[in-house]
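Protein chains in written order, with this note's numbering: chain A, 28 to 328; chain B, 272 to 554.
A virtual CB, placed ideally from N, CA and C, is assigned to each residue, including glycine.
Heads up, the thing below is written out as structure tokens.
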Amino acid sequence: MNNHADTLGKRRQRSTNIAAFVFLLPVFLILTIFIFYPIIDSFIISTYRWNGIAADKVFVGLSNWGKLIGDREFWFAFRNNILIMILSIVIQIPIGLAEATFIEFAGKKATVCKVLWFIPMLMSSVAIGFLFNYALAANGGMVSAVSKLFGGGNIDLLGNKNTALITVILVIAWQFIPFYMVYCMAAYTNVSEDVYEASLIDGATKGQYFWQIALPLLTPSIKSAAILSMVGSLKYFDLIYVMTGGGPGTATELMATYMYKNAFVQFNMGYGSAVAAGMFILITVLSLVTMRVINGKKEEA
Amino acid sequence: MEKEYKKSINKSRISWVSAILLAVIATMAAVLPFIFMVFNSFKGKFEMLTKGVFAPPEKLNLTNYEEVLAGGFVKYFGNSVFVLCLSLLFVLFISACAAYPLARFQFRMNGFLYAVIVACMAIPIHITLIPVFQMTKSLKIYDTIWAMIGPNVAFALPISVFILTSFMMGIPREIEESAEIDGCNKYRMFFTMILPLAKPGLSTLAIYNGVNIWNEFSFAYTLTQSPKNRTLPLAVWDFQGQYSMNTPMIMAVLTLTVLPMILLFIFAQDKLVKGMTAGAVKG
Numbered sequence: 028m029n030n031h032a033d034t035l036g037k038r039r040q041r042s043t044n045i046a047a048f049v050f051l052l053p054v055f056l057i058l059t060i061f062i063f064y065p066i067i068d069s070f071i072i073s074t075y076r077w078n079g080i081a082a083d084k085v086f087v088g089l090s091n092w093g094k095l096i097g098d099r100e101f102w103f104a105f106r107n108n109i110l111i112m113i114l115s116i117v118i119q120i121p122i123g124l125a126e127a128t129f130i131e132f133a134g135k136k137a138t139v140c141k142v143l144w145f146i147p148m149l150m151s152s153v154a155i156g157f158l159f160n161y162a163l164a165a166n167g168g169m170v171s172a173v174s175k176l177f178g179g180g181n182i183d184l185l186g187n188k189n190t191a192l193i194t195v196i197l198v199i200a201w202q203f204i205p206f207y208m209v210y211c212m213a214a215y216t217n218v219s220e221d222v223y224e225a226s227l228i229d230g231a232t233k234g235q236y237f238w239q240i241a242l243p244l245l246t247p248s249i250k251s252a253a254i255l256s257m258v259g260s261l262k263y264f265d266l267i268y269v270m271t272g273g274g275p276g277t278a279t280e281l282m283a284t285y286m287y288k289n290a291f292v293q294f295n296m297g298y299g300s301a302v303a304a305g306m307f308i309l310i311t312v313l314s315l316v317t318m319r320v321i322n323g324k325k326e327e328a
Numbered sequence: 272m273e274k275e276y277k278k279s280i281n282k283s284r285i286s287w288v289s290a291i292l293l294a295v296i297a298t299m300a301a302v303l304p305f306i307f308m309v310f311n312s313f314k315g316k317f318e319m320l321t322k323g324v325f326a327p328p329e330k331l332n333l334t335n336y337e338e339v340l341a342g343g344f345v346k347y348f349g350n351s352v353f354v355l356c357l358s359l360l361f362v363l364f365i366s367a368c369a370a371y372p373l374a375r376f377q378f379r380m381n382g383f384l385y386a387v388i389v390a391c392m393a394i395p396i397h398i399t400l401i402p403v404f405q406m407t408k409s410l411k412i413y414d415t416i417w418a419m420i421g422p423n424v425a426f427a428l429p430i431s432v433f434i435l436t437s438f439m440m441g442i443p444r445e446i447e448e449s450a451e452i453d454g455c456n457k458y459r460m461f462f463t464m465i466l467p468l469a470k471p472g473l474s475t476l477a478i479y480n481g482v483n484i485w486n487e488f489s490f491a492y493t494l495t496q497s498p499k500n501r502t503l504p505l506a507v508w509d510f511q512g513q514y515s516m517n518t519p520m521i522m523a524v525l526t527l528t529v530l531p532m533i534l535l536f537i538f539a540q541d542k543l544v545k546g547m548t549a550g551a552v553k554g
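In structure tokens form, the structure reads like this:
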């Protein structure tokens with residue numbers, strides 16, 4: 028009897044396993060073709076010198092990797108990625124939170140703000156890149172127009188090596204602040220209305236409520252927002268490629284734009300693959316470290 | 272006491288005034304570039320330079336739009352719609368298939384397979400760009416609209432599986448149990464029960480992935496070459512080659528590419544906002 032139940036259970040588990048296999052087959056097929064295999068292939072191509080078209084692939088061992096490690100342009104691009112990452116977190120999340128808090132406190136009266144502040148999110152990175160390319164142009168741009176109003180001359184923010192990167196960072200902030208606003212607004216809905224009312228009855232001002240009650244409750248959400256922003260900043264490509272192409276010079280070069288130029292402009296597929304693989308390793312390591320740090324803290328609490 | 276009270280009222284007034292001032296600045300910062308785009312798209316080439324960039328257009332001059340629409344814009348738009356529909360269909364079906372066993376079956380590899388899929392969310396597309404480029408060439412689909420569909424689907428899957436799995440975990444288990452007693456097998460259960468019950472999750476995902484696929488640039492730019500096979504994000508790129516000195520014309524192209532999103536925002540604001548932030552999952 029017992030034996031019978033056992034085989035029945037086994038048979039059941041077997042049919043479950045088969046069903047799981049069938050349902051999971053398509054996703055792993057697609058991921059293997061378009062993600063797993065290309066990652067391995069990138070590492071393989073990185074050991075060749077190859078223009079991607081001709082059949083004469085030359086095996087060069089690890090020389091592309093040696094070049095990458097000593098490549099100052101790549102590390103400069105990495106530095107730019109890190110700068111964008113830090114400044115994105117520092118600029119976007121506090122402003123997004125401030126906007127969400129304003130809407131939270133002002134209530135229905137702030138609906139107009141909510142709608143207008145969301146507008147940048149309707150545009151794609153490419154469209155934003157082009158728009159600001161023209162809006163910030165020295166001739167006929169917005170900033171130049173304002174400068175002329177005050178008696179100044181044309182201003183070329185994107186063409187100047189010293190201002191290009193910070194300008195790009197501000198444009199990225201323009202794009203993503205609405206995202207963090209909506210994100211923080213969602214986080215506010217998790218802070219219950221009762222807590223807010225109770226604190227006001229106890230005589231807390233809105234400032235006190237924000238700093239001492241709401242902010243600690245929002246901290247977990249803000250942490251996840253920071254991870255999100257971090258991973259995104261390291262992968263950044265579209266907007267900068269369209270707006271500056273990494274220039275002027277290498278002022279706004281990123282790992283992704285540098286990889287693209289090597290592979291698809293200079294047709295140096297081998298070295299391009301090494302750059303892509305290096306970027307992959309750096310992003311993986313950085314994400315793992317941050318997750319570990321943030322999750323470790325959670326366990327302590 | 273009276274004095275204290277007045278002081279606190281004054282203080283709160285000052286903070287409200289400064290908050291509103293900041294809000295006005297934030298509004299201007301958010302809206303001005305957008306106004307720049309829309310206003311200038313209606314202007315003539317020289318009107319913009321002589322009248323100033325923020326001046327409203329003299330009249331609703333549609334010639335820019337007419338020229339853009341006559342210049343092949345419709346083809347880009349059609350390609351985008353095609354790529355979007357096909358990619359979305361695959362993404363939704365495949366991720367629903369994957370999420371079903373991950374959310375509701377018990378089998379040994381479950382946790383591991385789920386972790387592998389979710390880990391793919393952090394992978395940068397650029398690591399796959401060169402091999403996928405070579406692959407599309409050897410499959411002879413380079414420079415066709417088919418080239419973009421595979422990569423679009425692959426990079427949308429991990430987050431879709433992640434979101435759908437947690438959604439399906441929320442569907443009550445009793446429904447399944449009673450159906451199982453009635454002799455319904457897992458495949459029929461998926462199509463007749465789970466898929467219809469997962470509709471709200473699927474519609475959120477459709478918006479989230481739809482927006483991303485609609486705006487996808489890197490693969491489209493790398494895997495296609497001729498204007499007749501390119502999608503909307505590249506329309507601006509190609510038009511720029513033609514009209515680089517004609518800012519109002521470029522602004523008209525930009526306004527047209529943003530138009531679908533604006534319409535969606537006007538008619539389905541809540542759904543759009545919810546869908547677009549679906550990716551912001553708590554880590």
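Hey, residue i and residue j: beta-carbon distance below 7 angstroms or not?
i: THR475/B; j: ALA549/B; result: yes
i: ASP509/B; j: PRO498/B; result: yes
i: GLN496/B; j: ASP414/B; result: yes
i: SER366/B; j: VAL432/B; result: yes
i: ILE396/B; j: PHE426/B; result: yes
i: PHE536/B; j: LEU543/B; result: yes
i: ILE207/A; j: ALA137/A; result: One detail in the question is off: residue 207/A reads as Tyr in this sequence, not Ile. Not closer than 7 angstroms, so no.
i: ALA418/B; j: LEU530/B; result: no
i: VAL218/A; j: LEU244/A; result: yes
i: TRP92/A; j: ALA301/A; result: yes
i: ALA133/A; j: TYR285/A; result: no
i: PRO327/B; j: PHE310/B; result: yes
i: ASN187/A; j: ALA165/A; result: no
i: MET296/A; j: GLY97/A; result: no
i: SER351/B; j: MET522/B; result: no
i: THR190/A; j: LEU197/A; result: no
Rounded to the nearest angstrom, how far is the Cβ of residue i from that of residue j, given a contact under 8 angstroms?
i: PRO232/B; j: ILE388/B; result: Outside the displayed span of chain B (272 to 554) sits residue 232/B, for which this structure offers no information.
i: ALA200/A; j: SER90/A; result: Going by Cβ atoms, the distance from ALA200/A to SER90/A rounds to 40 angstroms, so no, they are not a contact pair.
i: PHE307/B; j: VAL324/B; result: 6 angstroms
i: TYR347/B; j: LEU534/B; result: 17 angstroms between Cβ atoms; not a contact.
i: GLU126/A; j: THR277/A; result: GLU126/A to THR277/A, Cβ: 34 angstroms. No contact.
i: VAL524/B; j: VAL339/B; result: 5 angstroms
i: MET112/A; j: LEU261/A; result: 6 angstroms
i: MET306/A; j: ILE394/B; result: MET306/A to ILE394/B, Cβ: 11 angstroms. No contact.
i: GLN202/A; j: SER256/A; result: About 12 angstroms; that fails the 8 angstroms criterion.
i: ASN160/A; j: LEU281/A; result: With a Cβ gap of about 17 angstroms, ASN160/A and LEU281/A do not count as contacting.
i: THR294/B; j: PHE237/A; result: Before going further, note that residue 294/B is Ala rather than Thr in the sequence given. About 16 angstroms; that fails the 8 angstroms criterion.
i: TYR263/A; j: ALA283/A; result: 6 angstroms
i: PHE61/A; j: GLY421/B; result: 5 angstroms
i: TYR492/B; j: THR436/B; result: At roughly 32 angstroms, the Cβ-Cβ gap does not stay under 8 angstroms, so TYR492/B and THR436/B are not in contact.
With 7 angstroms as the threshold, decide whether the Cβ of residue i is near any Cβ in chain B.
i: PRO65/A; result: yes
i: ASP68/A; result: yes
i: THR43/A; result: yes
i: VAL153/A; result: yes
i: GLU326/A; result: Residue placement at GLU326/A is poorly supported in this model, since its pLDDT is 45, which falls under 50; the coordinates still yield a value, given next. Not an interface residue.
i: VAL85/A; result: no
i: LYS262/A; result: yes
i: TRP144/A; result: yes
i: PHE50/A; result: yes
Who are residue i's beta bridge partners in DSSP?
i: PHE86/A; result: TYR75/A
For chain A, check one thing: does any of its Cβ atoms lie closer than 7 angstroms to the Cβ of residue i?
i: LEU525/B; result: yes
i: CYS391/B; result: yes
i: PRO402/B; result: yes
i: ASN486/B; result: yes
i: TYR371/B; result: yes
i: GLY546/B; result: no
i: PRO395/B; result: yes
i: PHE376/B; result: yes
i: CYS368/B; result: yes
i: CYS356/B; result: no
i: GLY441/B; result: no
**OP:** Count the CB pairs spanning the segment 301-312 of chain A and the segment 213-224 of chain A that are closer than 8 angstroms, and state whether there are at least three.
**Re:** no
Subject >> Touching by the beta-carbon criterion (3+ pairs, under 8 angstroms), the segment 31-51 of chain A and the segment 453-462 of chain B >> reply: yes
Original post:
Using 8 angstroms as the threshold, is the segment 155-164 of chain A in touch with the segment 283-295 of chain B, meaning 3 or more CB pairs across them?
Top reply: no
**OP:** Count the C-beta pairs between the segment 265-276 of chain A and the segment 156-176 of chain A that are closer than 8 angstroms, then say yes if the count reaches three, no if not.
**Re:** yes
Original post:
Does the pairing of the segment 448-455 of chain B with the segment 465-473 of chain B give three or more beta-carbon distances under 8 angstroms?
Top reply: Using a Cβ-Cβ distance cut-off of 8 angstroms, the segment 448-455 of chain B and the segment 465-473 of chain B are not in contact, since fewer than three pairs of beta carbons, one from each stretch, lie closer than that value.
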